[in-house]
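S.K.:
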Amino acid sequence: MVDDDVRHPIIVDTDALIAVANTSLWSRITDNLQLTTTNVCYHELNRHVREMTEYAPEGTRERWVHQGSKKAVEPFDDEGTSFTTVPCVPRPHGEDAGEKSIQTEIEQNIESYRFAIVMDKHGRRAINRVFAEKEETTGKAVAPTFLLYLLLDEEKCTVAEFCQACGEMLRGEGWTGYQAIQAAWEAIPVDCSQHLPNDLLS
Amino acid sequence: MATNNDKIQFRGETEKKATQVVDQMRLGGINVSELARQGIQQKLREVLSDEEKITLHQRYKQGELSEEVAEILLGDTLEEIEREREAFAEAAQFDTNGVFQE
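One line per chain: the protein sequences are A and B, in this order.
For the first sequence, numbering that gives the first Met the number 0 begins at 0 and goes up steadily by one.
For the second sequence, numbering that gives the first Met the number 0 begins at 0 and goes up steadily by one.
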């Protein structure tokens, strides 16, 4: 873990990292973007790698979490400053510790962050309230599809690749992923119907 | 306007007795129709799988389902997607300085 306290404008939580690390655009993200997470999320990823078996059947949640966590943790271990981990004090506990740690970190260093990438909609809402309370800062909590959008907008991937990655995220994240993807498609806007099967989960 | 055609009927001997017990117990009784409507809405949402919800939302987008029906089946999803779309569109306007590697 590179604990160098470098804060990039994008901070990402555990589940959002798992969601994007499982897509074929992950290497494009690690090659192009600069991301920060908290030590709590970093430890959650490592715990998933240890506790979930890589031999879980293809298509199961356990396999998805194991694989995504394994891929997600790698760039944070590399020396270099593009993927950084910052300590969170006090350290939250419980089921949603990762998400909570992102919120605490934003509350304490709000001027450092512009984008909070969080998988859970309640988490996003709580963080957006934090951003909204500070009038002098600009920040927004959005779903992990936003990272894919950044690549697309910067022409680091094609529309076909973007849609493909959305499809992969959809298959792994189910209904939660679907809502995030719909919102992204409507906001950009982009038409992925050419690039994805009619039955989105097939 | 309610018509005869929008009636839902179903068999349930014990449920009917249970309903009558509560109805008699309360001053003014209970609104069985309203309870049934709420119960069905809640149960319909609960039984839907992720795949079914996605299919239903797709059908709604293609105009095959009315907004009222979609709301019953998908709950606050439509609102949620709209809220997320706004957040996404707003974030897309932000300065991306420092977002990409040099």
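Where is the CB? At the ideal position from N, CA and C, for every residue including glycine.
Evaluate B:Leu-43 with the Cβ neighbour count: other Cβ atoms within 10 Å of its Cβ, from every protein chain shown; 16 or more gives buried, anything less gives exposed.
M.R.: That one is exposed.
S.K.: Less than 8 angstroms between CB atoms is the rule here; does B:Ile-71 satisfy it with respect to chain A?
M.R.: By this cut-off, B:Ile-71 is not an interface position.
S.K.: From A:Ile-206 to B:Phe-9, what distance separates their C-alpha atoms?
M.R.: A question about residue 206 of chain A goes unanswered here, because the residues of chain A that appear run from 0 up to 201.
S.K.: Alpha carbon to alpha carbon, how far is A:Val-141 from A:Ile-188? Give it in angstroms, no decimals.
M.R.: The sequence shown places Pro at residue 188 of chain A, rather than the Ile named in the question. When only Cα atoms are considered, A:Pro-188 and A:Val-141 end up about 16 angstroms apart.
S.K.: Residues bridged to A:Thr-37 by DSSP?
M.R.: Answer by DSSP bridge pairing, in chain order: A:Val-85.
S.K.: Run the CB neighbour count on A:Arg-113, radius 10 Å, all protein chains shown included, and call it buried at 16 or more, exposed below.
M.R.: Taking all protein chains shown into account, A:Arg-113 has 16 or more neighbouring C-beta atoms within 10 Å of its C-beta and is therefore buried.
S.K.: Using the rule of at least 16 other Cβ atoms within 10 Å of the residue's Cβ for burial, across every protein chain shown, is A:Pro-172 buried or exposed?
M.R.: The sequence as given places Glu at residue 172 of chain A; Pro does not occur at that position. Buried is the call here.
S.K.: Do A:Cys-165 and A:Thr-137 come within 8 angstroms of each other at the CB atom, strictly closer than that value?
M.R.: no
S.K.: Select from A:Ala-115, A:Thr-59, A:Lys-70 the residue whose C-alpha is nearest the C-alpha of A:Ile-17.
M.R.: A:Lys-70
S.K.: Mark A:Tyr-54 as exposed unless 16 or more other C-beta atoms lie within 10 angstroms of its C-beta, in which case mark it buried.
M.R.: exposed
S.K.: Between the C-alpha atoms of A:Ser-192 and B:Gln-57, what's the straight-line distance to the nearest angstrom?
M.R.: In a straight line, the C-alpha of A:Ser-192 is about 11 angstroms away from that of B:Gln-57.
S.K.: Hey, does A:Ala-202 have any beta-carbon neighbour from chain B nearer than 8 angstroms?
M.R.: No statement about residue 202 of chain A is possible, as the shown extent of chain A runs from 0 to 201 and does not include it.
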